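Chains as they are written, first to last, in my numbering: chain A, 1 to 323; chain B, 1001 to 1173. All residues carry an ideal CB built from backbone N, CA and C; glycine is no exception. This one's a predicted model, so the numbers in the text were calculated from it and none came from an experiment. One structure is given below, encoded as structure tokens.
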Amino acid sequence: MIDAIPAPFIVVSVGLAAVMAFIGANALVLVYLERKIAGFIQRRPGPYEVGPQGILQPVADGLKLVGKQLFTPKGADGVLYWLAPMISIAPTLVCFLVIPFGPRLQIINSNVGLILILAFTGVNVLALCIAGWSSQNKYALLGAARDISQSVAYEIPLLLSVLPIVFITGSLNLFDIASSQGPWPWQWYGAYQPVAFVIFFICALAETNRNPFDLPEAESELTAGFHTEYSGMGFGMFFLAEYAYMVVASCLTAILFLGGFQGPVASGWWWFLAKVYLLLLLIIWIRWTYPRVRFDQLLNICWKWLIPLAVLNLLGTLLVIAL
Amino acid sequence: MMVKKFRDTLTGLWSLLVGLKVTAVNFVRPEVTVHYPRQTVPSLEGYRGHIELVPSQDDPFKSKCIVCMTCVRMCPTSCISVAGSKPKKKTAGKDQAADADSGDTPKAQKAKPELESFVVDFTYCSLCGLCVQNCPTGALRFSTDVYLAGFSRQDFVFDLLGRLQSQAEHKEQ
């Protein structure tokens, strides 16, 4: 019986289940961290009532979202409207399949892992576009339009800042990129490529629609942007996807620039998780520190600073490699 | 021109780090809020709660109110209702004023009217303060009670005289 099922199929199925559990657990932890950190930075307790120190608050939030009625607004395109959250969350599952969590902890060791992640995270733009278009709501449409121009602009420096790493390692395999770095911080690519590191991190913030680049869902201007009309699990899936993309972006930053699972003394998945969570904490910290940029500022940062800097950095790297 | 732009950019980038430091410092500082149902704040100085009666100096159970009804007439939303026992002879004196100046009348006017009830319907009050401003004896002031939650409309119809007396009793104990 078990022989009839091809082995890769079993690996991928089990892997997908594990990834779903990982995404769910991460979302719970991150929601709690986000709200607690926001509270402490604003010198209030944050979630406090549900469970000790409010630790069950994300569970309560999730249950509330699951329990809500699924509602399609009048005049909305029903099929596209409900397809959008699914298109948003689905690619994240694929992204986690190729991420090397540890030396032995990777579901699929793909030779094009980096391209796969960059390609599949790009699908999120389509989901947001569909959500904004099908909601029959002007705020949603504006949010979607903003998201598209933002994503189109920031994909360029993102790719340009990944290229130096690819040229240094000569590989698109994430496992190879991680294992080609040494265990100590000065052996990581972040030390060789600080400019690319900073540009990549800024672009990752913009691509995941996090503050200070969260214009597609700027609540003070667009109510909630592209997910204005969504409630219940429609909103829940967008929310889950946003956190999942945050984790993907942090994983990718950790692999490309911070040595992945390599770390001083004992390399392993614990180093990887520690780095990913440090980056996530940094993202949350940034969110509660900076105000949102204006849209012209957003595009100016990208076209006038990040892209030229990324091109210069790439050319410099190529020169050094060629010599 | 170019130099200035780059310098501006550098100071801008530096300000980002300063911002991160500000939030980090506040992150480790103690909270400034209180956990409401378990902790409460004492009455706040300068807080404009509903109006309350000022106790008279010699008797804390009695108000300074002289039942002149200025506050009742002043109130734009008519949320104050005052009742007092005016000495009978005063009204009688008015009726008989046309007849003659009887010897009782000046004596009766000297007797102060006694405040019997002072009720304010806080659901209509807009906290404009006209009653407090115009009270000739300064018998009204804003309370500093912050916690004004209730379960029914009736909870916001305050019997201020009863409140004054219970507060005085509380203080004596």
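Sequence-distant residues of its chain with Cβ nearer than 8 Å to residue i (five each side left out)
i: residue 1103 of chain B; result: Any answer about residue 1103 of chain B is weak, because its pLDDT of 46 lies below 50 and its placement is not dependable; what the coordinates show is given next. Counting only Cβ-Cβ distances below 8 Å, and skipping sequence neighbours, we find nothing.
i: residue 290 of chain A; result: 211 and 212
i: residue 1101 of chain B; result: In this prediction, residue 1101 of chain B has a pLDDT of 47, which is less than 50 and means its spatial position is unreliable; what the coordinates show is noted afterwards. Answer for residue 1101 of chain B: no residue qualifies.
i: residue 66 of chain A; result: 232, 233 and 236
i: residue 1159 of chain B; result: 1117, 1118 and 1119
i: residue 1099 of chain B; result: Unreliable placement is indicated for residue 1099 of chain B, whose pLDDT of 45 sits below 50; the coordinate value is still reported in the next sentence. The answer is none, since no qualifying residue turns up.
i: residue 1157 of chain B; result: 1119, 1120, 1121, 1122 and 1123
i: residue 13 of chain A; result: none
i: residue 1095 of chain B; result: At residue 1095 of chain B, the pLDDT of 47 sits below 50, so the modelled position is not reliable and the matter cannot be decided from this model.
i: residue 1078 of chain B; result: 1072 and 1124
i: residue 1049 of chain B; result: 1142, 1143, 1144, 1145, 1146 and 1148
i: residue 1168 of chain B; result: 1055, 1060 and 1061
i: residue 311 of chain A; result: 160
C-beta contact flag for residue i and residue j at 8 Å
i: residue 157 of chain A; j: residue 115 of chain A; result: no
i: residue 193 of chain A; j: residue 261 of chain A; result: no
i: residue 166 of chain A; j: residue 309 of chain A; result: no
i: residue 160 of chain A; j: residue 314 of chain A; result: yes
i: residue 130 of chain A; j: residue 83 of chain A; result: yes
i: residue 285 of chain A; j: residue 1020 of chain B; result: yes
i: residue 275 of chain A; j: residue 244 of chain A; result: no
i: residue 121 of chain A; j: residue 248 of chain A; result: yes
i: residue 203 of chain A; j: residue 154 of chain A; result: yes
i: residue 1137 of chain B; j: residue 1064 of chain B; result: yes
i: residue 93 of chain A; j: residue 280 of chain A; result: no
i: residue 1031 of chain B; j: residue 43 of chain A; result: yes
i: residue 272 of chain A; j: residue 40 of chain A; result: no
i: residue 1033 of chain B; j: residue 45 of chain A; result: yes
i: residue 295 of chain A; j: residue 215 of chain A; result: yes
i: residue 1139 of chain B; j: residue 1054 of chain B; result: yes
i: residue 107 of chain A; j: residue 265 of chain A; result: no
i: residue 172 of chain A; j: residue 112 of chain A; result: yes
Cβ neighbours of residue i in the same chain (closer than 7 Å, five flanking residues each side left out)
i: residue 1211 of chain B; result: The structure shown has nothing for residue 1211 of chain B, since chain B only spans 1001 to 1173.
i: residue 105 of chain A; result: 269
i: residue 26 of chain A; result: 243 and 247
i: residue 55 of chain A; result: 32
i: residue 318 of chain A; result: 167
Beta-carbon separation (whole angstroms), residue i vs residue j, contact threshold 8 Å
i: residue 98 of chain A; j: residue 110 of chain A; result: 5 Å
i: residue 1143 of chain B; j: residue 1051 of chain B; result: 7 Å
i: residue 229 of chain A; j: residue 135 of chain A; result: 4 Å
i: residue 1081 of chain B; j: residue 1067 of chain B; result: Not confirmed; about 12 Å, so no contact.
i: residue 240 of chain A; j: residue 23 of chain A; result: 7 Å
i: residue 50 of chain A; j: residue 38 of chain A; result: That pair is no contact at about 16 Å.
Beta-carbon contacts of residue i that lie in its chain and below 6 Å, excluding the five residues immediately before and after
i: residue 188 of chain A; result: 181, 258 and 259
i: residue 349 of chain A; result: Within the shown structure, residues of chain A are numbered from 1 to 323, placing residue 349 of chain A beyond reach of any answer.
i: residue 128 of chain A; result: 144, 147 and 226
i: residue 197 of chain A; result: 190 and 257
i: residue 207 of chain A; result: 154
Stretch-stretch touch, CB-based, cutoff 8 Å, three pairs: the stretch 1128-1139 of chain B with the stretch 1031-1039 of chain B
For the pair of segments examined, the stretch 1128-1139 of chain B was found not to touch the stretch 1031-1039 of chain B: the number of CB pairs separated by less than 8 Å stays below three.
Members of the stretch 284-311 of chain A that neighbour chain B once the beta carbon cut-off is set at 7 Å:
In summary, the residues of the stretch 284-311 of chain A whose CB is separated from some CB of chain B by less than 7 Å are 285, 288, 289 and 290, in the order they occur in the chain.
Going along the stretch 21-42 of chain A in order, which residues come within less than 9 Å of chain B, judged by CB to CB distance?
Residues 37, 39, 40, 41 and 42.
Counting only Cβ-Cβ distances shorter than 7 Å, please list the residues of the stretch 1027-1038 of chain B near chain A, keeping chain order.
Across the stretch 1027-1038 of chain B, CB contacts with chain A closer than 7 Å involve 1027, 1029, 1031, 1032, 1033 and 1035, in sequence order along the chain.
For the stretch 39-65 of chain A, which residues have a CB atom closer than 7 Å to at least one CB atom of chain B, in sequence order?
Going along the stretch 39-65 of chain A in chain order, one finds 40, 41, 43, 44, 45 and 48 with a Cβ nearer than 7 Å to chain B.
Quick test of the definition: if touching needs 3 or more C-beta pairs under 8 Å, does the stretch 69-82 of chain A touch the stretch 112-126 of chain A?
Under the 8 Å Cβ criterion, the stretch 69-82 of chain A does not count as touching the stretch 112-126 of chain A, having fewer than three qualifying pairs.
Any chance the stretch 1001-1012 of chain B sits against the stretch 178-192 of chain A, with 3 or more Cβ pairs inside 8 Å?
Contact between the stretch 1001-1012 of chain B and the stretch 178-192 of chain A is not established, with fewer than three Cβ pairs separated by less than 8 Å.
Just checking, does the stretch 138-149 of chain A make contact with the stretch 81-93 of chain A on the three C-beta pairs under 8 Å criterion?
Here the stretch 138-149 of chain A does not lie against the stretch 81-93 of chain A, with fewer than 3 beta-carbon pairs under 8 Å apart.
Chain-ordered residues of the stretch 1005-1019 of chain B with a beta carbon less than 9 Å from chain A:
Residues passing the 9 Å Cβ filter: 1009, 1016 and 1019.
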